[in-house]
Structure formats: C-alpha cells, structure tokens
Amino acid sequence: MATSGVKLLGAKQSPFVTRVMMALEMKSIDYELVVMNPHLKPELLSKTNPVHKKIPVLIHGERAICESLIIVQYIDDAWTNGPSILPPHPYDRATARFWAAFVDDKLVPLLGQLREAEGEEAKELVIKKLSEAFMRLEEAFINCSKGKAFFGGDSVGYLDIALGSFVGLIRVVEMMNETKLLDETKTSRLAGWAERLYSDSLVKDVLMDPQLLLVQLQKFLATMPKAASE
Amino acid sequence: MGGVKVLGLNSSFPCVRVLWALKLKGVNYEIVEENLLNKSPLLLQMNPIHKKVPVLIHKDKPIVESLLILEYIDEVWKTTYPLMPEDPYDCSMARFWAKFVDEKVVVTAFEAMKSEGEGKEVAIVAAKETLELLEKQIEGKKFFGGDEIGYLDLVVGWICLWLPAIEQVGGMKLLDSSTFPLLYQWTQCFVHIPAIHECLPPREKAVDYFQTGLNYLRSLDASKK
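Chains as they are written, first to last, in our numbering: chain A, 186 to 415; chain B, 107 to 331.
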C-alpha cells in the first residue's frame, strides 16, 4: 500500500508525538519525521495547525490532522490493514477513550504541576494526587486487560498508546523527584505492563530510554519561554 | 436488564446532546432526573471518577462524557441516522472541532459570564475569537454535518439556547447576528428540526441553571476572602 506522503511534525521527546509514532509503527506505515520545536514557532506548524500551533501534526497527502489522540484514531480509521488500535466493541471503545481522556485531563496536568511546584510540601501534595491517579489507572488496567498483557488485551491498543507514550516521562519525573509513581508495590499490574511495553515488538523502537529522554528533555525545556504566555 | 437510561437533566446541554442523538436514532430512553446539588447513589456508582452528568446506561453498563456517549450511540445504533462522517479525515475534523467547542468556546463563554469589571471586556473578546473560528467552519455549508445535522451540530447545538441564557446571566452579547451571520443562520435552521426542538428546555430553566451556578461560585469566592 502506498504510504508515501506521510509526514509527522514533531519531536521524539514529546510523549504526544510518541503516541503517533507508536500508531504508525503498529500499522507499518512509512513516514518522515520532520523535527519541529513548537516554541520556536516554525511557519509550517502555524500553517498546518493554525488553531493551536502545537505538535504533533500528521500530514497525509494534502491533509493535516492535529491532536495526538485524534491522529491515532485517524490512523486506525484510514489504514485498515495491520492490527486494529481501538477495540472492536463499542463499550470497550468508549472505555478506552474515557481513560485516554483521563490521562490527558488529569495525569498530564499533574506532571506539569510537579515540575512547577516549589518547595517540598507543594511537591508532596502533587505526588499524592499523582499516586491517586495511578491507582485509578491500575483499576482501569485490571478491568480493560481482563488478565492479559496490555490494556488492549493480547496486543497493544489505544489506551496502551495513550498512557504508554508517557512512561518515559513518568520515569524521568521519578528520577528528578526521587520518588516512585509506577510502583511495584502499589500499582503492580501497571509496573509489569510498563516493562512489557518496552519489550513489545510493535512499539519498542519508538519508546525512548528514560535516561536519554532526561537529557533530551532538559535541552528541549530550555527553549521554552520563561513567562507563561503560551 | 432494562432499556436505555440517561442520568441527567434537560437544563444541562451535555445531557441534551445525548437526548438529541437518541431521538435522531429513534431509540427509546428514560430520563432519570439528577439533582446536582444532591447527587444520587446511582450517579456516584455509575460515574465514580467524575461524578457528573450525563451518564448513559445501556445493558446495565455506564458510558460517561457527552462526546464519548455520542460516538457510542453512533456505533451501537449504526444503521439509522449516522452521526459521524464516513471519511476518516472528516471524522478527525469533527472530533477536533468538538474538542475545541468544549475546551475553548464553552469555557470562554463561561469566563465571560463570570467576569466583572475590566476583566469582563477581555473575556468577551476571547469568547468572540472562538466564535469567529466556528463561523469559518460553517462557511459554505448548511450544517456542520453537511446537508443533514451530525455529530458536530449536536456538539455546537448548545449555542441555540444555552448561549443566549449565558449571555443573559452574564449581561453581555457574544453571538450577534451581524458579527456572526453564518452561525446565527445555522442556529435558526438547527432549532427548527423537530428532534432538536422537542428536547429543548424552556429558556428560563437554562437561565436559572446558570444563575444558580454563578451564585454558587460567587459564594465560594466570597467565603475564601
């Protein structure tokens, strides 16, 4: 199948971009990664994502698709060869979408808050909320996986991509704060899942090693504007 | 194992989105009215994470979040009245703009409603900027879904009754017909569709809903000072 004309605007350090890369790998789609730092406001980004000016953007032929989870669903709909990303049953699809939105609306902002928290007390408060979020995700894993290896069952699926793309960053946050979030004692299923994800043949090549990610992220974050003007 | 139930209230537009979808699909449902100031054990059991309405209960299983419920309804009752576009790209655009409506249009409208003094003017400008982007999306089309209403029309539908209610409570005008003629025209077509019209609450109910909410927020702010 002709897969030329697929470009991904983004940067490997971004978990949102990683989601798209995981989906493209799952479907064996050839693509070109056009490295882009949104904080430097490149023109191509403003043209393809005029509303939000953010990465990732998938360019498929003449079309530009934005927002990582929307792009993943697009990839699933547009390329029907290869494994399905979303589960077949409507209820399971709604459940996967719900928890993916939970990652974006609850977990991700907390990771940002932890980076910005000043002082031990403030950090502890955010870490407590993060732990609670991970406990919820642990329950979600038990319900969705139904005893199998991944949220998607025997193989990686939508929710594995939505959360799995953040495992590298979560490990980085653990290192920087000397804490454990994906913890073998409190969230043992999730901890096991994270290990399996990094070995899974479909997606392991795009998941960055946390040590390497730490270095790359520090460089990337240095380009961010100091004032919260975004 | 019962039929289809919707936990919610018809003064809440996310709930009405769900009712519209069910009506268009010809699905019979029962509304279980919720009191948001005194949430029922059923709601807390069915939506323990967010504790919000609407909740769709189908075959005893809960589905939450109005946008997700719309897609669920479309996937389960797929032979009648398709809501999502067929083409994957059009689908992704519908999802993109639906997200934009809930994260930007609704939020900025509420901000403008709540704001006072100088901040209010700034908030009104921000809200109008989001409406401008929506205005561009309806250009050249009768409905967001094309010739017939679809998913995105149901998502934007709150502007036909709830936005005027927000404007009234906030003492401001956001969607005026001269600045946004296409959106205004769209509201007039949308609201006359029978399935849409049948689910609309009286305007006073929507006004009351937002006024109660605003009073509650202001009392919270006052108690913090």
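Positions of the beta carbon are idealized from the N, C-alpha and C atoms, including for glycine.
Alpha carbon to alpha carbon, how far is MET320 of chain A from GLN258 of chain A?
Approximately 26 Å, taken between the alpha carbons.
Going by the beta-carbon positions, is the gap between TYR178 of chain B and LYS131 of chain B smaller than 8 Å?
Their beta carbons are not under 8 Å apart, which means TYR178 of chain B does not touch LYS131 of chain B by this criterion.
Taking the continuous beta strand (DSSP E) assigned at VAL191 of chain A, which residues delimit it?
Here the beta strand (DSSP E) through VAL191 of chain A covers 191-195.
Under 8 Å between C-beta atoms, does PHE202 of chain B make it to chain A?
Yes, PHE202 of chain B counts as interfacial toward chain A.
Counting only the same chain and skipping the five closest in sequence on each side, list residues whose C-beta sits under 7 Å from that of VAL236 of chain A.
If we look at VAL236 of chain A and ignore the five residues flanking it on each side, it has no Cβ neighbours.
For ALA208 of chain A, decide whether its Cβ has a neighbour in chain B, counting only Cβ atoms nearer than 8 Å.
It does not; no Cβ of chain B falls within 8 Å.
Relative to the ligand ADP, is the shortest distance from any of its heavy atoms to the C-beta of PRO395 of chain A smaller than 7 Å?
As far as ligands go, the structure on display features none, and thus does not contain the ligand ADP.
How is LYS131 of chain B classed by DSSP in three states: helix, strand or coil?
Note: LYS131 of chain B maps to helix in three-state DSSP.
Along chain B, in chain order, which residues have C-beta atoms closer than 7 Å to that of CYS251 of chain A?
Neighbours of CYS251 of chain A on chain B, chain order: PHE202.
Under 8 Å between C-beta atoms, does SER198 of chain B make it to chain A?
It does: the Cβ of SER198 of chain B has a partner Cβ on chain A nearer than 8 Å.
Please identify, using Cβ separations under 7 Å, the residues of the stretch 267-285 of chain A that lie next to chain B, in order along the chain.
Flagged, chain order: PRO275, TYR276, ARG278, ALA279, ARG282 and PHE283.
Step through the CB atoms of chain B and report whether any lies within less than 8 Å of the CB of ALA412 of chain A.
Because ALA412 of chain A sits at a pLDDT of 41, beneath the cut-off of 50, its placement in the model cannot be relied upon, and the following sentence gives the value as read from the coordinates. By this cut-off, ALA412 of chain A is not an interface position.
How about LEU280 of chain B and LEU269 of chain B: are their beta carbons less than 8 Å apart?
Yes, the pair counts as a contact, with Cβ atoms nearer than the cut-off.
With DSSP run on the structure shown, which of helix, strand or coil describes LYS167 of chain B?
Note: LYS167 of chain B maps to strand in three-state DSSP.
Do you know how far the Cα of ILE250 of chain A is from the Cα of SER198 of chain B?
Near 7 Å, if we compare the C-alpha coordinates of ILE250 of chain A and SER198 of chain B.
Considering only C-alpha positions, which residue in the set B:ALA271, B:LEU289 and B:GLY256 is nearest to LEU349 of chain B?
Outside the shown range of chain B, which is 107 to 331, sits residue 349 of chain B, and nothing can be said about it.
Is there a C-beta anywhere in chain B that falls below 8 Å from the one on VAL288 of chain A?
Answer no: the Cβ-Cβ gap between VAL288 of chain A and chain B never drops below 8 Å.
In terms of residue numbering, what span does the beta strand (DSSP E) encompassing CYS251 of chain A cover?
Segment 248-251, the beta strand (DSSP E) holding CYS251 of chain A.
Can you say whether GLU415 of chain A is buried or exposed, counting buried as having 16 or more other CB atoms within 10 angstroms of its CB?
Note that GLU415 of chain A has pLDDT 30, beneath the 50 cutoff, so the model's placement of it is unreliable and the number below is only indicative. With fewer than 16 Cβ atoms within 10 Å of its Cβ, GLU415 of chain A is classed as exposed.
According to DSSP, is PHE249 of chain B helix, strand or coil?
Correct three-state label for PHE249 of chain B: strand.
What residues match up with LYS111 of chain B in a beta bridge as DSSP calls it?
Answer is B:GLU136 and B:ILE163.
Entirely within the stretch 251-279 of chain B and at least 4 residues each: give me those alpha helix (DSSP H) ranges in chain order.
Qualifying alpha helix (DSSP H) stretches, in chain order: 257-262 and 268-276.
Return helix, strand or coil for VAL202 of chain A, following the three-state DSSP convention.
Note: VAL202 of chain A maps to helix in three-state DSSP.
My understanding is that ALA379 of chain A touches VAL352 of chain A, with C-beta atoms under 8 Å, so please give their C-beta distance in whole angstroms.
Between VAL352 of chain A and ALA379 of chain A the Cβ distance is about 5 Å, and since that is below 8 Å, they are a contact.
In the stretch 329-363 of chain A, which residue ranges form an unbroken alpha helix (DSSP H) of at least 4 residues, counting only runs that do not cross its ends?
Counting only runs of 4 or more, we get 343-349 and 352-362.
Would you check if the stretch 144-162 of chain B and the stretch 224-233 of chain B touch, i.e. whether three or more CB-CB distances between them fall below 8 Å?
No, the stretch 224-233 of chain B is not in contact with the stretch 144-162 of chain B.
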